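A.B. asks:
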Amino acid sequence: ALSWCSRWGAATRRGHKYVQAATTIDAYIAHQPSDMQALLQQIRTQIHTWVPGMSEAMAYGMPTVRLHKKNFIHFAYFREHIGIYPGAETCERLQSVYPQYVTSKGTLQFRHSEPFPWDVLAHVVTVRREIAERPKTSN
């Protein structure tokens with residue numbers, strides 16, 4: 002049988018019942034635990050506040066904020082944490098500043114057992130924006 006996989010926002014064969022994969026961010030958030038929905042919506046809203054003019058999409062089964070028609074940052078609910086995916090270069094630049102959050106290439110994890118670090122997310126978005134908006138160099 003298929004079930005909802007909160008990690009990818011898609012149907013999987015691990016559980017007991019079938020739930021359609023979310024095709025919108027609103028649907029994705031609605032399928033998450035009720036005590037996490039407000040936080041996910043707040044993350045979404047805050048990213049838009051910090052970087053106006055962004056668009057949204059679902060990519061890789063996760064809510065995705067796009068800038069200049071390119072993926073800017075993804076976020077997702079997991080049982081133990083919120084995953085933030087700003088890309089490898091952003092995480093490399095922040096590894097020494099936030100070693101407790103940068104867990105792998107391109108990933109930060111904010112545990113549910115701790116207060117959500119809005120200041121860290123703001124810094125992540127700022128660094129990601131610097132990377133996204135720097136002039137392209139031609140070789």
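Each residue of the sequence shown is one higher than the one before, starting from 2 at the first, in the numbering used here. Every residue gets a Cβ at the ideal spot worked out from N, C-alpha and C, and that includes glycine. For clarity, every value in this text was computed on a predicted model and none was experimentally measured.
1) What residue range does the beta strand (DSSP E) around Ala-58 cover?
2) Tell me whether the stretch 21-40 and the stretch 50-69 touch, counting them as touching only if at least three CB pairs, one residue from each stretch, are closer than 8 Å.
3) So, Gln-110 versus Gly-84, is the Cβ gap smaller than 7 Å?
4) Give every residue of the same chain whose Cβ lies closer than 8 Å to the Cβ of Pro-118, excluding the five residues on either side of it in the sequence, and list them in chain order.
5) State the start and end residues of the unbroken beta strand (DSSP E) segment that holds Gln-110.
6) How many angstroms separate the CA atom of Glu-115 from the CA atom of Arg-80?
7) Met-37 and Tyr-78: beta carbons closer than 7 Å?
8) Near Ala-89, what residues of its chain come up, given a Cβ to Cβ distance below 7 Å and the 5 sequence neighbours on each side ignored?
9) Measure the C-alpha to C-alpha separation of Pro-64 and Trp-51 and round it to an integer number of angstroms.
10) With DSSP run on the structure shown, which of helix, strand or coil describes Tyr-99?
11) To the nearest angstrom, how far is it from the Cα of His-69 to the Cα of Arg-94?
12) Only counting the same chain, and skipping five residues up and downstream in sequence, which positions put a Cβ closer than 7 Å to that of Arg-135?
C.D. replies: According to the data block:
1) 56-60
2) yes
3) yes
4) Tyr-102, Phe-111
5) 108-112
6) 14 Å
7) yes
8) Lys-106, Gly-107
9) 17 Å
10) coil
11) 22 Å
12) none
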